[in-house]
Amino acid sequence: MQGAHPTRPWVDWTPQHRDARRAAIDARIRLWTPGAGAAWTLVFLAAWLVLPLVLGGFALKLYVYVGMAAIGAIGLNFLAGNAGQVSLGHPFFIGVGVYCGAALGADMGWPLSLWLPAAAMLGATLGALIGPFALRLKGNYLVMITIALVFVGQHVFNNWSAVSGGVGGRPITPPMSIFGWDLNDARTPILKDQRFAWFVWPLVGLCALVVTNILRSRPGRALQAIRDRDLTAEVLGISLARYKVSAFALSGALAALTGGLYGAYVGFASPTEWNLLLAIQYLAMIVVGGMGSVAGSVIGAAVIVCLPYAVQAGVQSLPGIGQLVSQSPGDGGWLSVFALNQILFGLLIAMFLTFAPRGLAALLNGTLRRGLLTTSRRKQ
Amino acid sequence: MIEFAQTFFAGVAQGTMYALIAVGFVIVYKATGVLNFTTGGLLMAGAYVGHQFASAWKLPFIIALLAGALAAGLVAVLVQRLALARMAGKPAFTLILMTWAVLIVLEQIPPAIWGYDVLPMGDPWGIGVTALGPLSVFTIDVWAIALAALVVLALYLFFRFTRLGIATRAIASDREAAAAQGIRPTTIFALTWFIAGAVAGLAGVFLGGGSRVIGPELSQLALIAIPAVIVGGLDSPAGAVAGGLLIGVAEVLTANYAPVYAPWLGKNVHLVMPYLLLVVILTVRPQGLLGTRNVRRA
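Read top to bottom, the protein sequences are chains A and G.
FYI, the numbering used here numbers position 115 of the first sequence as 115, with every residue one higher than the one before it.
In the numbering used here, each number is its position in the second sequence, counted from 1, plus 380.
The structure is reproduced here in structure tokens:
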């Protein structure tokens, strides 16, 4: 439809063609394709309401963890998959978010409606400060400097004991009341998990919506142009500085959001957690899920977060493996569960990079409507 | 003054090990275009095999050294063949993540075989000191510097005068033209990875010896090669040596003097000093001290 008369100037279009173009543009800026899209929205709404009531104990905790990781993954996917700026610096921004929660929320007593946005703002500001490095450095060099960011960040966190509690870490108990509804309610153990689940996943939806809208509109196309050929993009008049810095800012904001939520949920954090391994885990999420795809970020987050527990369950249930793997030191197994986790994690990444470089979102694309799962069109 | 010279010497010794790792890194990068993050795993392979030969089987240390280097080199070739051969035209991000995935797997294998406890390397020098003029330095440091110099010289001669070395330089310079001359890229890739693995293994044996022990965390040391390589220049082996020495000296000097003269920098700032240097170099001179400037043309 769109390619009916691609080269004719618009003044020569027939009325039918003009109407067809308008319809195509309207369809593009609509939030979802009608029919299937509306059905999916209802499904998600129902899932959001029902899952925290239905899932028990540990599965509910995982559900919350996946939600928090998904926000960070969406941010990283936006930066690396859509804007083409590969960054291993995500743990730094997550740490920033955690310690904002600790300092502004727990220590200074700011309410949730203040400290969480403040954490996101700080993440955005710091991201915007890192952004200019991306203007001078490309590819490998950008990766190196983001690695440096993680190490410098850890050093700062380690030494700023007032906020981070030094290497030993600190408890984090910021106020978590929204509209008078306290998320930290500890009347029953499951209540906190449920309330966090009801709070976190709409945030995931909000972030997904924001990023999807950006991607469907002019800035999104500008970013993808920058990703594919930034010199050409610049020649076309796209301001590299503005878009790259903005991409880093948004990614930093989302990572800080993840950190703030994570710190508040777990209640404890130590600076040693914000290390390169976390960065690789987030990269794994977007590689497994599908680079450039918002839904892929969520899927990837689910896979990577649940992987250790699936491995644990597999080790316990499959008889042969139990002898190979020791679950506690001195158990007699050859590998520890942690080692098995790591090996499978590495193999997973390697498998996806080799055989499914466009991730699960692209694999599932064949079975679900395109409107929901679109990956970056760039060939890997 | 004496103390400063001794500290400096220790820094140089540390730096030569980083230089070895960095040289391997650069060789692989020049020939294949891949940033070899698996160096940490290769380091561990060399160190643990060296330990097995020297400490467990009590063989002469030179044999342990060669065994460690050989083992690490073979692991490197295996990695290249299995994981990276099919990644040939992929974007940089994919390659980096692939090597990192391999590293994650490699890191777990030595502790699985040898256990998670720290182990001694079993080198014959231990914490012995020798007198070097007025200075009193670790014996192992002297040997480390000597060995590193020997290896760098050997590599230089290899790349300059042997057929395979020249073939490697041809591949690094222009892969298609070299292939047109009958040089097989696959052979060269395997060779460069072997060299990178072997030098990493050598460095691993030395970095685990002396007053140190080897343990599952050994692979972290290889990350220091990254600042060394960037500071020196990603495509310059000489730069890698210079960068490694610079980083080593900076780290040891910072470790010794920062707590005294600049305590506000924080504890353990020597661990982050290489990365600060990295940031400085990338801001001021991204191509490194001895690298070639990457001029972009459309």
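Backbone N, C-alpha and C define an ideal beta-carbon position, used for all residues, glycine too.
Inter-residue spacing [alpha-carbon to alpha-carbon] between residue i and residue j
i	j	result
residue 586/G	residue 528/G	10 angstroms
residue 265/A	residue 196/A	8 angstroms
residue 51/A	residue 391/G	58 angstroms
residue 387/A	residue 488/G	Because residue 387/A is not part of the residues shown, which for chain A are 1 to 380, the question remains open.
residue 347/A	residue 86/A	21 angstroms
residue 229/A	residue 555/G	24 angstroms
residue 654/G	residue 568/G	31 angstroms
residue 282/A	residue 269/A	18 angstroms
residue 202/A	residue 131/A	28 angstroms
residue 125/A	residue 250/A	9 angstroms
residue 402/G	residue 389/G	19 angstroms
residue 411/G	residue 603/G	20 angstroms
residue 200/A	residue 171/A	21 angstroms
residue 302/A	residue 66/A	5 angstroms
residue 657/G	residue 533/G	27 angstroms
residue 393/G	residue 612/G	17 angstroms
residue 267/A	residue 69/A	16 angstroms
residue 573/G	residue 482/G	14 angstroms
residue 206/A	residue 241/A	26 angstroms
residue 380/A	residue 470/G	The pLDDT assigned to residue 380/A is 38, lower than 50, so where the model puts this residue is not dependable; a value taken from the coordinates is nonetheless given after this. Distance between the alpha carbons of residue 380/A and residue 470/G: 7 angstroms.
residue 354/A	residue 82/A	20 angstroms
residue 164/A	residue 428/G	36 angstroms
residue 649/G	residue 160/A	13 angstroms
residue 41/A	residue 47/A	10 angstroms
residue 546/G	residue 404/G	17 angstroms
residue 610/G	residue 631/G	16 angstroms
Expected contact under 8 angstroms - CB spacing of residue i and residue j to nearest Å
i	j	result
residue 581/G	residue 426/G	2 angstroms
residue 415/G	residue 510/G	The Cβ separation is near 38 angstroms, so there is no contact.
residue 492/G	residue 339/A	6 angstroms
residue 500/G	residue 593/G	6 angstroms
residue 430/G	residue 444/G	5 angstroms
residue 598/G	residue 467/G	Contact doesn't hold; Cβ gap of about 26 angstroms is too wide.
residue 668/G	residue 614/G	6 angstroms
residue 622/G	residue 571/G	The Cβ separation is near 24 angstroms, so there is no contact.
residue 285/A	residue 73/A	4 angstroms
residue 167/A	residue 652/G	Actually they are not in contact, since the Cβ atoms of residue 167/A and residue 652/G sit about 14 angstroms apart, beyond 8 angstroms.
Neighbourhood of residue i by C-beta distance below 6 angstroms, restricted to the same chain and skipping five residues each side
i	result
residue 395/G	624, 625, 628, 629
residue 520/G	505, 589, 590
residue 595/G	498
residue 476/G	415
residue 305/A	65, 66, 69
residue 278/A	91
residue 701/G	In this structure chain G extends from 381 to 678, so residue 701/G is not present and cannot be described.
Contact set for residue i: own chain, Cβ-Cβ below 8 angstroms, skip 5 residues either direction
i	result
residue 275/A	91, 150, 154
residue 118/A	100, 104, 110
residue 382/G	514, 515
residue 365/G	Any property of residue 365/G remains undetermined from this structure, which presents chain G solely from 381 to 678.
Counted within 10 angstroms of its Cβ, other Cβ atoms place residue i as buried (16 or more) or exposed
i	result
residue 189/A	exposed
residue 71/A	buried
residue 174/A	buried
residue 115/A	buried
residue 293/A	buried
residue 674/G	exposed
residue 19/A	exposed
residue 213/A	exposed
residue 386/A	One cannot answer for residue 386/A here, as it falls past the ends of chain A, which runs 1 to 380.
residue 244/A	buried
residue 24/A	exposed
residue 227/A	buried
residue 437/G	exposed
residue 666/G	buried
residue 663/G	exposed
residue 473/G	buried
residue 358/A	buried
residue 43/A	exposed
Close beta carbons around residue i, own chain, < 7 angstroms, minus the five adjacent residues each side
i	result
residue 441/G	434, 503, 504
residue 531/G	400, 579, 582
residue 398/G	604, 605, 608, 624, 627, 628
Residue i beta carbon near the ligand COA (any heavy atom closer than 8 angstroms)
i	result
residue 161/A	Because no ligand of any kind appears in the structure shown, any question about the ligand COA cannot be addressed here.
Which residues, taken in chain order from the segment 447 to 472 of chain G, show a beta carbon closer than 8 angstroms to some beta carbon of chain A?
-> Listed by position, the residues of the segment 447 to 472 of chain G near chain A (Cβ gap below 8 angstroms) are 463, 466, 467, 470, 471, 472.
Quick one: which residues of the segment 247 to 269 of chain A get their C-beta closer than 9 angstroms to a C-beta of chain G? List them in chain order.
-> none
The segment 476 to 493 of chain G: positions lying closer than 9 angstroms to chain A by Cβ | 476, 477, 478, 480, 481, 482, 483, 484, 485, 486, 487, 488, 489, 491, 492, 493
Note down, in chain order, all residues in the segment 151 to 162 of chain A with a beta-carbon under 8 angstroms from any beta-carbon belonging to chain G.
-> Correct list: 151, 152, 154, 155, 156, 158, 159.
Selection of the segment 333 to 355 of chain A by Cβ proximity to chain G, strictly under 7 angstroms = 334, 335, 339, 342, 343, 345, 346, 347, 349, 350, 353, 354
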